[in-house]
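Heads up: the first sequence is residues 13 to 492, going by this note's numbering. Glycine included, C-beta positions come from ideal geometry on N, C-alpha and C. Notes to accompany the following structure.
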Amino acid sequence: MENQVRVRFAPSPTGYLHIGGLRTALYNYLFAKHFGGKFILRIEDTDQSRKVEGAVENVIKTLKWAGVDYDEGLDRDGGYGPYVQSQRLELYRKYAQELISKDKAYYCFCTSERLQEVRQKQLTAKLSTSYDRLCRNVSREEAERRIAAGEQCVIRMKIPLEGELSFDDVIRGKVTISHKMIDDQVLIKSDGFPTYHLAVVVDDHLMGITHVIRGEEWLSSVPKHILLYNYFRWQVPMLAHLPLLLNPDKSKLSKRQGDVAVEDYRAKGYLKEAIVNFIAFLGWNPGDEREIFFMEQLVQEFTLDRVGKSGAVFNIEKLKWLNQQHIKLKSNEELAQLIKPHFQFAISDESYFLKVIGLLKERLSFPNDFIEMSGYFFRDPEFIEEAEMRKYFEPETHSQLKLLADRFEALLEFSHTSIEAALRQLAEELQIKPTKLIHPTRLALSGRTIGPGLFEMIELLGKETVVRRLRRAVEKFRAV
RNA sequence: GGCCUUAUCGUCUAACGGUUUAGGACGUGACCCUCUCAAGGUCGAAAUACGGGUUCGAUUCCCGUUAAGGCUACCA
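Given below as structure tokens:
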């Protein structure tokens, strides 16, 4: 129990769940489940100005939809709550105070205007920008006096002036950064809220997080965090910084260059299985040549040592292919559930509906393709395009179809094999190629030139419908 | 600019010093199958950024160059 793996996904509620966020969550989830540990959802809402109404609910909804469900979170207390940082403010203040008393942090009274100025000067002097540590030497007594007088202030951490800091990243190995490169980071903002850096360290420690698995954008701030762990005399969790997800131009995946919200992909008809499979493989692979994975297999095989180091371009073509693959692996019943909400006709015959799905299944890239492809299975086709008619109909076609309709009507057993036999038989008798019959028939029955195998289609449509449509078409073709 | 990270086909990636004419997948080209469209099958084009080392031997280890990305906030 003491050694149980505990990881967390800690989004800030600034909108929808980003596809990169889902991958981070997924990797955490897979890692936790692989080792029989716990996956925790924590909300990092320490920036009041960026808060978006409904974002928390949305993120949770999307996570659950994708099957990346959490063991502990705001509605599932595992004894480490609350799991929302805005509800833990006292905690951060307390620990910030501890740092002040240990002389590892100090009050800073600099205004944002002064900070701006300092930065501007550094910029024009081509120096790297950082806080000039003006308030670092303000005595505790003076600071307390100024606070009592109502002056606004923040709390900054003290970074050692000399030396350097090394740490081991599970994915990247040893990383070293000089203390000189680290800013005296603000820990408590003037509104009393903590910054990410303080909150993440306090919470990860208090929540017993054993492994921090997050995006590479955090790599540079690790030294600050380690310093904090050291100041508190806490054990540093294992750190694993994931490669970033990239736009086609290799910049960090962002809006502007396509969809980044998981819900956008969901709305477009991407299956959760395909999305999970796809993003799992963006930076990880099982080491062999298998491509199609379900969640359970991912859990079974996922380990951090097979996670790569370089960023991965989000390649939508492959996602589309995976979607197709996962659709093919779904049962007709499962697919029906995905299609039904969007289907425009009342489904009177469930088993017929399922059979149509079965026939069209391997032609679908998205569940919704079914809607566009299946209309003629549920009502007579509206019209037949003139251009197509001219292409497939010859002067004698109408009389041939008439004969075909008679043959079909006379069939005792209406199965695709008997149907095919009847058609080929007729073609032979007429001394024409079967295709001379097949194409016009398809057009007459479906109004289209593409579709599933004709004989299976005919069998499913049923004798009555087929004969009716064939005869109706004969009437139409006569006019051409 | 500074710091950090990364670098194999267009894209996702395999290879953890030699079994490699660098393998697979998506995409792409040709062909096969075939009643159309898909699916499927076969074959093809396509990569170790560059330069130095280390080594009997480097995609693999080291250094440099270049390029790309991240960070550089009282945002996460």
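Identify the residues that DSSP records as bridge partners of residue i: which are they?
i	result
Glu346	Glu346 is not bridged to any residue.
His30	Ala273
Leu257	Ala324
His223	Met250
Arg168	Tyr118, Val198
Arg18	Lys50
Val96	Ile55
Gly185	Asp181
Gly204	In DSSP, Gly204 forms no bridge with anything.
Val319	Trp296
Gly85	Arg88
Ser61	According to DSSP, which records beta bridges pairwise, Ser61 is partnered with nothing at all.
Lys264	Leu258
Ser124	Answer is none; Ser124 lacks a bridge partner.
Ser190	Glu176
Cβ atoms of residue j and residue i: under 8 Å apart, would you say?
i	j	result
Asp196	Arg148	yes
Phe305	Ala286	no
Val274	Thr74	yes
Asp180	Ala252	no
Gly459	Glu384	no
Leu438	Arg419	yes
Val166	Ile200	yes
Val486	Leu435	no
Ile159	Val319	no
Ala456	Arg480	no
Lys330	Phe290	yes
Val311	Lys45	yes
Trp77	Arg375	no
Glu432	Lys475	no
Pro255	Ala324	yes
Val272	Ile31	yes
Ala67	Thr123	no
Gln336	Ser377	yes
Leu6	Val80	Given a span of 13 to 492 for the chain in the structure shown, any question on residue 6 remains unanswerable.
Ala155	Tyr119	yes
His428	Ile470	yes
Gln164	Ser202	yes
His338	Leu283	yes
By how many angstroms is the C-alpha of residue j removed from the C-alpha of residue i?
i	j	result
Leu257	Gly93	31 Å
Gln109	Ala348	59 Å
Tyr28	Lys267	12 Å
Thr188	Phe43	26 Å
Gly370	Gln97	49 Å
Arg18	Thr222	5 Å
Gln60	Arg152	29 Å
Leu472	Phe365	10 Å
Glu228	Glu129	30 Å
Glu84	Leu139	45 Å
Leu101	Phe326	37 Å
Leu350	Pro379	7 Å
Gln134	Val288	45 Å
Tyr95	Gly175	36 Å
Leu210	Lys280	39 Å
Lys352	Val64	32 Å
Ala117	Phe244	12 Å
Lys373	Phe382	8 Å
Lys186	Asp317	15 Å
Asp361	Gly90	47 Å
Gly162	Thr141	29 Å
Ser263	Arg302	28 Å
Leu34	Lys445	55 Å
Asp144	Val150	13 Å
For the putative contact between residue i and residue j, defined by C-beta atoms under 8 Å, what is the C-beta separation to the nearest angstrom?
i	j	result
Ile404	Pro452	Contrary to the premise, residue 404 reads as Tyr rather than Ile in this sequence. Sure, about 5 Å apart at Cβ, within 8 Å.
Thr36	Pro206	With a Cβ gap of about 21 Å, Thr36 and Pro206 do not count as contacting.
Leu423	Leu449	Not quite, the Cβ-Cβ distance comes to about 15 Å (not below 8 Å), so this is no contact.
Pro298	Glu313	5 Å
Pro213	Tyr241	Here residue 213 turns out to be Val, not Pro, going by the sequence shown. Indeed, because the Cβ distance is near 6 Å, the residues count as touching under 8 Å.
Glu56	Tyr208	7 Å
Does the stretch 169 to 177 come into contact with the stretch 233 to 242, if we say contact requires no fewer than three beta-carbon pairs (one atom in each stretch) closer than 8 Å? yes
With contact counted as at least three CB pairs below 8 Å, one residue from each stretch, are the stretch 20 to 35 and the stretch 44 to 53 in contact? yes
Closer than 8 Å is the cut-off here; do at least three beta carbon pairs connect the stretch 362 to 379 with the stretch 337 to 345? yes
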